[in-house]
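Down below is the structure, laid out as C-alpha cells.
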Amino acid sequence: MLAAASAGVATLALAGCAVGGENDLTLATGSTGGTYYPLGGEIANLWSNNLEDYSITATVGGASVDNLRQLDQGEVELAMGVNATAADAVSSAGDFEENPLGDPAGIRSLGNIYPEILQVVTVEGTGITSIEDLRGKRIEMGPLGSATNTLAGQVLEAYGIDPDEDLAEQFDSSFGDAATNLGDGVVDAAFGILSAPTSSIEQLATTNDVMMLNIQGAALDRLLAENPLLSPHVIPGGTYSGVDGSNNTVTAWATLYAKADLDEQLAYDLTRVMYENSREVQHSAGDDIILNSAVDGLGPVQLHPGSARYFEENGISVP
C-alpha cells in the first residue's frame with residue numbers, strides 16, 4: 001500500500017499538480033468585465049464538482065498573451081486564450097516575436113470553448129458611425145498583452161489608421177471598465193473580444209443608445225489575409241437592446257490550453273467533463289461548448305494526447 005501511494009504521488013508530481021488532500025489547479029482567465037472570468041469560474045466549478053480529489057480555481061488574468069506566458073512559466077496549469085494568439089505563441093510571432101515563450105513547442109490545446117467575437121462599440125453623440133471615424137478619437141483598445149489589444153491594432157491598421165499616431169488617446173482598461181468609461185463619456189469607442197451577448201454591453205445599452213461598428217469590405221479582406229485564423233461573423237440584430245441591425249465583424253475561438261507535460265488521463269478527464277457537462281454552465285457561452293467545433297481553427301497548436309483520445313472516441317476527426 002505504501003508503494004502504491006508513493007507511485008501515486010510521483011504520478012501527480014509529474015503532472016505538475018500540488019500534492020495534498022486535494023490537487024489544486026489554476027485556470028487563468030481574464031478581466032472581471034469580460035467573458036473569460038465568469039465563464040472560466042463556472043468551468044472551474046464544473047471540474048471541481050466532477051473530478052474526485054481535484055480542486056480547480058479560476059483567477060483573474062491578463063487575457064490571452066499574459067495567460068500563455070503564465071502557462072509557459074508554470075505559474076498556472078490551465079489557461080484560456082484566443083486561438084490566433086496561441087498560434088503566434090507557438091510560432092514566436094506577433095506579440096511573441098521579440099519575447100518568445102521559454103518552451104513554445106510545449107503548448108497544447110484541450111479544445112475550443114466558444115467563438116471569440118470582436119465587438120467595436122460606441123454610443124450616440126460621439127459622431128462615430130464607422131471604423132473610419134475612429135481617427136482622432138479616444139479609444140479603449142483592451143488591456144495590454146490581451147488579444148483584444150492586438151486585434152484592435154490590426155483592425156485599425158486594416159483601415160489605414162495608425163493607433164500610435166492617428167488616435168487622440170488610447171486606453172487599456174478591462175472591458176467592464178471600458179464600457180463604464182464609454183457610458184460616462186471618458187472615451188468615444190471600445191474594442192472587446194467577447195461572447196455575444198455580453199453583460200457589459202447590455203448594461204451599457206440600458207442607459208445609452210449603443211451602436212456596433214461594422215468591419216467589412218476591403219478592410220475586412222486585408223484583416224483576414226493578415227490573420228487567417230479569423231473568420232467573418234455576423235451578430236444578429238436584437239442581440240443587444242436597441243441594436244436592431246445586424247453587425248458584421250470577425251471571430252476567432254476561445255480555447256483551453258495546457259502544457260504538454262500535463263498528465264494524459266487528467267487532460268482526458270478535463271476535456272470529458274467540460275464537453276459532457278456543458279449544459280450545467282449558466283453563462284450564455286456555455287451553449288457553444290460543443291464537440292462539433294471543438295477542434296476548429298487550432299492552427300499550429302497541437303492537441304494534448306489526452307484530449308485527442310477523448311475526441312477520437314467520440315467520432316471527432318482530430319487534425
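Position 122 of the sequence shown, counting from 1, maps to 122 under full-length UniProt numbering, and the rest follow consecutively.
Glycine included, each C-beta is placed from N, C-alpha and C at the ideal position.
Note that the coordinates shown come from a computational prediction; the quantities given were computed from them, not determined experimentally.
6 Å CB neighbourhood of residue i in its chain, flanking five on each side removed
i    : result
A179 : S200 and L204
L156 : P163
V76  : T26, A28 and Q70
L144 : D172
F175 : G33, G34, G192 and S200
L101 : D72 and A89
D66  : G145
G41  : A58
G94  : D88
G61  : A28, T29, G30 and N67
Helix, strand or coil at residue i [DSSP, three-state]
i    : result
T26  : strand
S109 : strand
A294 : coil
L156 : helix
I243 : The sequence shown places Val at residue 243, not Ile. Residue state, collapsed to three classes: coil.
E280 : helix
K118 : With the sequence shown as reference, residue 118 is identified as Leu, and Lys is not the correct amino acid for it. Strand, per DSSP.
L101 : coil
V123 : strand
T251 : strand
C-alpha distance - residue i paired with residue j, whole-angstrom precision
i           : j    : result
L266        : A63  : 24 Å
A254        : E124 : 30 Å
R272        : E264 : 12 Å
A212        : L223 : The displayed chain sequence assigns Met, not Ala, to residue 212. Approximately 18 Å, taken between the alpha carbons.
residue 321 : L262 : Here the chain has residues from 1 to 319 only, and residue 321 is not among them.
D244        : Y37  : 28 Å
I316        : D269 : 16 Å
E226        : T59  : 32 Å
D188        : I161 : 16 Å
P236        : D53  : 43 Å
G127        : W47  : 46 Å
G106        : S92  : 12 Å
G21         : N208 : Only weak support exists for where G21 lies, its pLDDT of 38 falling under 50; the value from the coordinates is given anyway. Rounded to the nearest angstrom, the two C-alpha atoms are 50 Å apart.
D103        : V210 : 43 Å
L68         : H233 : 25 Å
L182        : G297 : 32 Å
A79         : L220 : 29 Å
T148        : V120 : 10 Å
T251        : A196 : 11 Å
Q216        : V295 : 27 Å
P228        : T198 : 25 Å
S293        : D24  : 29 Å
G74         : I56  : 15 Å
Other residues of its chain near residue i: CB distance less than 7 Å, five sequence neighbours each side excluded
i    : result
E202 : Y240 and S241
N50  : V273 and N277
Y159 : I131, E132 and A219
L151 : L118 and I193
Same chain, Cβ closer than 8 Å to residue i, neighbours up to 5 away in sequence not counted
i    : result
R279 : G286
>> Taking 8 Å as the cut-off, does the segment 136-146 touch the segment 168-176 (at least 3 CB pairs, one atom from each stretch)?
In response: yes
>> If we require 3 or more residues per run, which beta strand (DSSP E) segments fall completely within the segment 187-235?
In response: 189-194, 210-212 and 231-235
>> For a minimum of 4 consecutive residues, which ranges assigned as the alpha helix (DSSP H) are wholly contained in the segment 37-86?
In response: 64-72
> Are the segment 304-311 and the segment 81-93 in contact at 8 Å, needing three or more beta carbon pairs?
Replying inline: no
>> Within 8 Å, do at least three Cβ pairs link the segment 279-292 to the segment 106-115?
In response: yes
>> Restricting to runs no shorter than 4 residues, where is the alpha helix (DSSP H) found entirely within the segment 139-184?
In response: 147-158 and 175-183
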